[in-house]
Amino acid sequence: MKYAQLIRLLVGRELTLRYKRSVIGIGWTLLNPMLTSFVLWVVFSFVFASKLPGNQQYAPYLMAGILLNTFFNQGLMQSAESIASNGGVLTKIYVPPQIFAISAALAGLVNFFIGLIPLAIVVFISGQTLAWTLPLVLVVGICLAFLTAGLGLALSIMFIRFDDTRNIVNVLLMILMYLTPIFYPVSVMNETMQNIIRWNPLTSYLEIFRWAFSNNAFPSSRDWIFMIVTSLFSLWLGTYVFKKYWPRTVAML
Amino acid sequence: MAVIDVKNVNVTYRVLMNKSGSLKELFRDAIKGKARVIDYVALQDVSFTVDKGEVVAILGRNGAGKSTLLKVLAGVLPPTKGTSKVDGKIAPMIELGAGFHPEMTGAENVLFYSALMGREVKHVRERTPAIGEWAGVSDHMDFPLRTFSSGMVARLAFATATDEQAEVLLVDEVLSVGDADFQEKSKARMHELITSGAAVVLVSHDMRAVLELATKAVWLENGHVKMIGNPAEVVAAYEAN
């Protein structure tokens, strides 16, 4: 593909720039999820650890949730923001603007994969082993990258047109986070809440990820369908919305 | 075959009256029936062609639509009506240094800027030292761009942008940059690029440069073509206006 080299540069830039001025640089990509997980583990392990089914461990359960949520949140915000923040380029040089949103989602994917290393360590510390289904994590990652890039593309149009979309999206993301079983087991909720949580697509992604990585969940075939359908639909929706509204939106940059 | 073929191009910006930059305000105005959209016509029925080796100068006052026209030619702004066809690789010399990032090093910026313009990364890597040398910033190439002076940034941007010959050159007032010495050097290189056989569209307020370089001139006024033809005649008419 003609733009492959540009995407590579953009992903690299996205990964290194965030920690450019820090001493350990990209090492923060490893440290961040570990520290966040540790804090939440200290806070919540007393409450929730005993609520998990027998062979599941809370520490890797929690950390998997955090990795996936970070990927989705950061990836979505950055890919939605990327087109507005590269407006200076996009109004002067022709490159398909979608490249910026896709690169941001891919950078999230790379971060996610890097985060699997500390997660594996936590799995071993908790006395678990990696599941033989591990390669399926790749599928989860790619599906989530599609979901992120698609939603990001659609949102990027809104971000340029209306300043307050950012705040609305931030609130929605927070609600979504609490509706995803990141730090709690689904079983602690009452029936109504469980149903709502089950309708959140991110729950399916997360369940499959936990199961594929170290058997910390029992996803159903419904979860698989949910994941694949939402990721492809979101990618289609994003590219469609973007194509349709970009010609009128570029004039506002 | 013309390299650039612009046919009946219209560009209309939709401007929201009392520009509500927020959903809340838009919603409120829409309920009160106050959200009014007006169409601002930036270009109206503009047609011209540029052949290989031709240098077309675009004249016109501020707000006449020159920059909009360059954006249409660069392919970043789709025309509302009409077509704009450009064959070949475009080098847009419009506000040089688009995409430069202060936290990245000089060399990284050169690479990224070149990739944006569609150049081969491998080739650019080899060229980077020469680009730095030409810009006179060789010693700084491995430091972040924020440590550069603004003149150094401008020189590096110019050196990068003009490093490769493209089939189509879009020039917006960047005939020279930097201090006196570098201005001479950059002016010479720009002239060399313009006269080397590419199809060139040149926006300039410098009538001397237009007369010297252009082979054709287009005079834009309020978005439409007021006059098109021989540079000497068009410039004379434009200046008499």
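Chains D and F supply the protein sequences, listed in that same order.
Position 22, counted from 1, in the first sequence is what this note's numbering calls 22; the numbers after and before it change by one each time, with no gaps.
Position 187, counted from 1, in the second sequence is what this note's numbering calls 187; the numbers after and before it change by one each time, with no gaps.
Glycine included, each C-beta is placed from N, C-alpha and C at the ideal position.
Asked: is_contact[S186(F), chain D] using C-beta, thresh 8 Å; Found: no
Asked: Residue burial classification, D181(F) (beta-carbon count within 10 angstroms, cutoff 16); Found: exposed
Asked: Residue-level contact to chain D via CB, M207(F), 8 Å cutoff; Found: no
Asked: Residue-level contact to chain F via CB, L151(D), 8 Å cutoff; Found: no
Asked: E120(F) in three-state terms, based on DSSP; Found: coil
Asked: Opposing strand residues paired with H140(F) [DSSP bridges]; Found: According to DSSP, which records beta bridges pairwise, H140(F) is partnered with nothing at all.
Asked: Status (buried if at least 16 other CB within 10 Å, exposed otherwise) for M219(F); Found: Looking at the sequence shown, residue 219(F) is not Met but Trp. Buried, because 16 or more other Cβ atoms sit within 10 Å of the Cβ of W219(F).
Asked: Enclosing beta strand (DSSP E) for I58(F) [first to last residue]; Found: V55 to L59
Asked: Amino acids of chain F, ordered along the chain, whose beta-carbon sits closer than 7 Å to that of P247(D); Found: P78
Asked: Contacts that I4(F) makes with chain D (C-beta to C-beta distance below 7 Å); Found: Result: empty, since nearest Cβ-Cβ is about 14 Å, beyond 7 Å.
Asked: Cβ contact check for the region 29-43 of chain D and the region 54-65 of chain D: 3 or more pairs under 8 Å; Found: yes
Asked: I208(D), buried or exposed, once every other Cβ within 10 Å from all chains shown has been counted against 16; Found: buried
Asked: Residue range of the unbroken alpha helix (DSSP H) whose run includes G87(D); Found: G87 to L90
Asked: M77(D), DSSP secondary structure in three states; Found: helix
Asked: Outcome for L96(F) when other beta-carbon atoms lying within 10 angstroms are tallied against a minimum of 16; Found: buried
Asked: Cβ distance (whole Å) where V171(F) is taken to contact V200(F) below 8 Å; Found: 7 Å
Asked: Environment of Y58(D) [buried if 16+ CB atoms lie within 10 Å]; Found: buried
Asked: Candidates S214(D), S103(D) and I125(D), of which the one nearest L10(D) by Cα; Found: S103(D)
Asked: Rounded C-alpha distance that separates G238(D) from P96(D); Found: 14 Å
Asked: Inter-residue spacing [alpha-carbon to alpha-carbon] between E103(F) and V110(D); Found: 21 Å
Asked: Residues near K66(F) in its chain [Cβ-Cβ closer than 7 Å; skip 5 each side]; Found: I58, G60, V203 and L220
Asked: Test item: CB-CB of P144(F) and T105(F) under 8 Å; Found: yes
Asked: Burial state of D163(F), where buried means 16 or more other Cβ atoms lie within 10 Å; Found: buried
Asked: Per-residue burial, K122(F) [other beta carbons within 10 Å of its own, 16 or more giving buried]; Found: exposed
Asked: 6 Å Cβ shell around V177(F) - same chain, five flanking residues per side excluded; Found: A154, F158 and S186
Asked: Residues that A251(D) contacts on chain F, provided the C-beta gap is smaller than 7 Å; Found: Y13 and L77
Asked: Where G99(F) meets chain D, residues with beta-carbon distance less than 8 Å; Found: N86, G88, V89 and I93
Asked: Cutoff 8 Å: Q98(D) Cβ touching any chain F Cβ; Found: no
Asked: At least three beta-carbon pairs within less than 8 Å, the region 1-15 of chain F to the region 169-176 of chain D; Found: no
Asked: Helix, strand or coil at Q44(F) [DSSP, three-state]; Found: strand
Asked: Contacts that E167(F) makes with chain D (C-beta to C-beta distance below 7 Å); Found: Result: empty, since nearest Cβ-Cβ is about 14 Å, beyond 7 Å.
Asked: DSSP bridge partner residues for V130(D) (one or two, in chain order); Found: The amino acid occupying residue 130(D) in the given sequence is Leu; Val does not appear at that position. According to DSSP, L130(D) bridges with nothing at all.
Asked: Terminal residues of the beta strand (DSSP E) in which K193(D) lies; Found: The residue you asked about is not Lys; residue 193(D) is Met in the sequence shown. From DSSP, M193(D) is part of no beta strand (DSSP E) but of the alpha helix (DSSP H) over E191 to W199.
Asked: Bridge-paired residues (DSSP) for D181(F); Found: Per DSSP, none; premise fails for D181(F).
Asked: Beta-carbon gap between F254(D) and V137(D) smaller than 8 Å; Found: Here chain D has residues from 1 to 253 only, and residue 254(D) is not among them.
Asked: Proximity below 8 Å, CB of S156(D) to CB of I83(D); Found: yes
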